[in-house]
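Report on the following structure.
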Amino acid sequence: MDAPSEVAELADPAAVTPQQPPSTSPPLKEPDLTGDREPQKNRLPVALRARLACQDALSGWVLPRCRVEPRTLAAAGVVVAIAVGFAVHHYWTGRPQGVDPAGGAVAAAAAPEAAPATGPTTSPMSETADQQGAASEASLVVDVAGDVVEPGLRTLPPGSRVGDAIDAAGGPVPGADTALINRARPLTDGEHVVVGGDLPPGGGPTAAAPHQGFDSQGKVRLNTANASDLEELPGVGPVLAGNIVAHREQHGQFTSVEQLIAVSGIGETRLADLRDRVVL
Numbered sequence: 001m002d003a004p005s006e007v008a009e010l011a012d013p014a015a016v017t018p019q020q021p022p023s024t025s026p027p028l029k030e031p032d033l034t035g036d037r038e039p040q041k042n043r044l045p046v047a048l049r050a051r052l053a054c055q056d057a058l059s060g061w062v063l064p065r066c067r068v069e070p071r072t073l074a075a076a077g078v079v080v081a082i083a084v085g086f087a088v089h090h091y092w093t094g095r096p097q098g099v100d101p102a103g104g105a106v107a108a109a110a111a112p113e114a115a116p117a118t119g120p121t122t123s124p125m126s127e128t129a130d131q132q133g134a135a136s137e138a139s140l141v142v143d144v145a146g147d148v149v150e151p152g153l154r155t156l157p158p159g160s161r162v163g164d165a166i167d168a169a170g171g172p173v174p175g176a177d178t179a180l181i182n183r184a185r186p187l188t189d190g191e192h193v194v195v196g197g198d199l200p201p202g203g204g205p206t207a208a209a210p211h212q213g214f215d216s217q218g219k220v221r222l223n224t225a226n227a228s229d230l231e232e233l234p235g236v237g238p239v240l241a242g243n244i245v246a247h248r249e250q251h252g253q254f255t256s257v258e259q260l261i262a263v264s265g266i267g268e269t270r271l272a273d274l275r276d277r278v279v280l
């Protein structure tokens, strides 16, 4: 071999290296890792497998197609949940409420009892007169004097007569003059019953006079008239008549007509109207 051919062989190794025949063995396959992962997935809890399935669906189908980030999708879910809750609350509070007939009847029956009183108020003066009237209906207190065995105050039941008062005082003494006494006349509370004897100053005995509340001219006797007699006067009603009787019981008999001005409810005008219609 000459020198130039040797140099060419050294420069081209392929010319020197012998060519090997093509291999007939099958190509090597890469290991299939998915086959090993599927049995591992099946051994996971159901909740975790569902979560992984959702993540795979989101990453493989929803996110590429909708182009939505997971944070955006979570925020949208929160907004939808709030809207649904508000709609349910609005529907529940706006639904028609049923009415309980029994409860309504009870409330209607209790309403009049709770309503404040709108009628006229009672004055202290009328309350005092009512109390005095109730006391007089409970019992009668009379003063029996004159020719009786035991003169003094006597408490008698309602509806008692003059004769009952005289009997309660022990009856008339022997020789007492009882011809002018009307023993059947009903008594009034606070009455002064005199049997015989001298007349008390300022007025006559209430039991001896046939019409002890009026004189012969029809004028009202202030010291002997009861409440019903005093109501015959103009402008005098049950309350004012009771005030006159109460004043007479507390302060004694009137010594002048002008003393009526001290009675509660009587002023100068009322006194002028009564001055010519009353006597002692």
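If you're matching positions, the sequence shown starts at 1 in UniProt numbering and goes up one per residue. We put the beta carbon where it would ideally sit given N, CA and C, even for glycine.
For this session: Determine, using beta carbons only, whether His192 and Asp143 come nearer to each other than 8 Å.
Result: Taking the sequence shown and counting its residues from 1, the one referred to as residue 192 is at position 192. Taking the sequence shown and counting its residues from 1, the one referred to as residue 143 is at position 143. Cβ distance < 8 Å, so His192 and Asp143 count as in contact.
Problem set entry | Boundaries (first-last residue) of the alpha helix (DSSP H) holding Arg248 | Stepping through the sequence shown from its first residue, residue 248 is reached at position 248. Pro238 to His251 is the span of the alpha helix (DSSP H), which, as asked, contains Arg248.
Exercise. Considering only residues of the same chain and omitting the five flanking positions on each side of Glu268, which have a CB-CB separation below 8 Å?
Worked result: Numbered from its first residue, the sequence shown carries residue 268 at position 268. Excluding residues within five positions, the ones whose Cβ falls inside 8 Å are Ile261.
Problem set entry | Residue interval of the beta strand (DSSP E) (run including Leu156) | Residue 156 sits at position 156 when you count from the first residue of the sequence shown. Gly152 to Leu156 is the span of the beta strand (DSSP E), which, as asked, contains Leu156.
Problem set entry | Contact check, Val141 vs Asp189, beta carbons under 8 Å | Looking up residue 141 in the sequence shown gives position 141. Looking up residue 189 in the sequence shown gives position 189. Yes, they are a contact pair.
Exercise. Taking all protein chains shown into account, do 16 or more other C-beta atoms lie within 10 angstroms of the C-beta of Gly94, making it buried, or fewer, making it exposed?
Worked result: By 1-based counting over the sequence shown, the position of residue 94 is 94. Exposed, by the Cβ-count rule.
For this session: Between the Cα of Leu180 and those of Val194, Val79 and Leu44, spot the shortest distance and give me the residue it belongs to.
Result: If you number the sequence shown from 1, residue 180 lands on position 180. The option with the nearest alpha carbon to Leu180 is Val194.
Exercise. Does the beta-carbon distance from Glu231 to Ala241 come in below 8 Å?
Worked result: Sequence index remark: in the sequence shown, residue 231 carries index 231 (1-based). Sequence index remark: in the sequence shown, residue 241 carries index 241 (1-based). Yes; because the gap between Cβ atoms is below 8 Å, this pair is in contact.
Exercise. Nearest-angstrom Cα distance between Ala168 and Asp276?
Worked result: Here residue 168 corresponds to residue number 168 of the sequence shown, with the count starting at 1. Here residue 276 corresponds to residue number 276 of the sequence shown, with the count starting at 1. If I take the Cα positions, the gap works out to 38 Å.
Exercise. What is the rounded straight-line gap between the Cα of Gly175 and the Cα of Thr155?
Worked result: Translated into positions along the sequence shown, residue 175 becomes position 175. Translated into positions along the sequence shown, residue 155 becomes position 155. Gly175 and Thr155: Cα-Cα distance of roughly 26 Å.
Exercise. Can you tell me where the alpha helix (DSSP H) with residue 286 in it begins and where it stops?
Worked result: No answer is possible for residue 286: the residues shown for the chain start at 1 and end at 280.
Problem set entry | Sequence-distant residues of its chain with Cβ nearer than 8 Å to Gly171 (five each side left out) | On the sequence shown, residue 171 is found 171 positions in, with the first residue counted as 1. So the qualifying residues of the chain are Val148 and Val149.
Problem set entry | residue 281 and Gly235 closer than 8 Å at C-beta | Residue 281 is absent from the model: the chain starts at 1 and stops at 280.
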